[in-house]
Every structure is written in C-alpha cells, then in structure tokens.
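See below for the structure under consideration.
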Amino acid sequence: PSGIELMDAARTGVVQAQTLRDRQHLAEEGLITIAATVDGQRLVAQPEVHLRGVVTSVSKERMVNLAAKTIKSTFSSEKVTDEDSLAKLQSRAEMDLRRAFRRELRSNPFLVLLLQSVEPAKPAAVAS
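Here the working numbering = 1-based position in the sequence shown + 1108.
Have a look at this one:
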C-alpha cells in the first residue's frame, strides 16, 4: 500500500476517511445545535438554536421560529407515549429540521437536536 495517511494527535492511529469527510463538511457548512423541551405533544418553550461556522444573513429570531414551527409540526402528528416513540419522533424531527434549514439557508450544515421530554403538568387541585 502507498499513499498518505493522516495522523491525529488527539487519538491513536490513522484518521479514517469518514472522519476526514465529516471534518471537511463541518469546515465548509458549519453546525447547528437545537435544544428543545417537549411534554407529550407540545413544545414547552422556544428552542435554543446555536450556530457554529454557519454563514448566513438569516436572523437568529427567524431560525428559532423555524425550529419551533418545525418541531411543533412534527410532534403534533403523534403523542409521545414511551422512549421508543420519543426516539422515533426525534429522528423524524431531525430529518424535518435538516430539510427546513437546508431550504432556508441554501446550505447543508450538520444539525444536532437535543430533545428533552418532561411529564405534562398536572392541573393543581382546588382546596375546598
């Protein structure tokens, strides 16, 4: 075998081709992280949206609203009943968010959705 093998000082051994592609993609397109909290079928608060290395003229407020609208749309179709249904909905939400941000930004940044599910609030008991 011949050719160039890249070494990574932070790891032991040769850097794999997939790792190099991921790093190149991050360098060119950037990263979007979205943190959201849901209770059953609804978004509890506006999601937190963070951009790293994403060059865009789209306002942060528009990005947050787009994320909230997309998550609400995804979760309105099904109720979260257990960990499996939450995982399926999270996967679908990530796909929907990628599509929405790709359309809005006209680029394809990495997207990470951090989804926290909380129990729906119970109505307070009225004292007699």
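Glycine included, each C-beta is placed from N, C-alpha and C at the ideal position.
Would you mind reading off the limits of the beta strand (DSSP E) that contains residue 1220? 1218-1225
Check residue 1127 in the structure and name its three-state DSSP category. helix
Whole angstroms is fine: what's the gap from residue 1171's alpha carbon to residue 1157's? 7 Å
Mind checking whether residue 1222 and residue 1142 have CB atoms under 8 Å apart? yes
Whole alpha helix (DSSP H) runs in the stretch 1159-1200 with 4 or more residues, listed along the chain? 1168-1184
Taking DSSP as the reference, what is the three-state secondary structure of residue 1153? coil
Could you give the distance in angstroms between the alpha-carbon of residue 1183 and the alpha-carbon of residue 1208? 15 Å
Are there 16 or more other CB atoms within 10 angstroms of the CB of residue 1178, so buried, or fewer, so exposed? buried
Can residue 1226 and residue 1123 be called in contact, C-beta distance under 8 Å? no
Would residue 1145 pass as a contact of residue 1213 if the rule is Cβ separation under 8 Å? no
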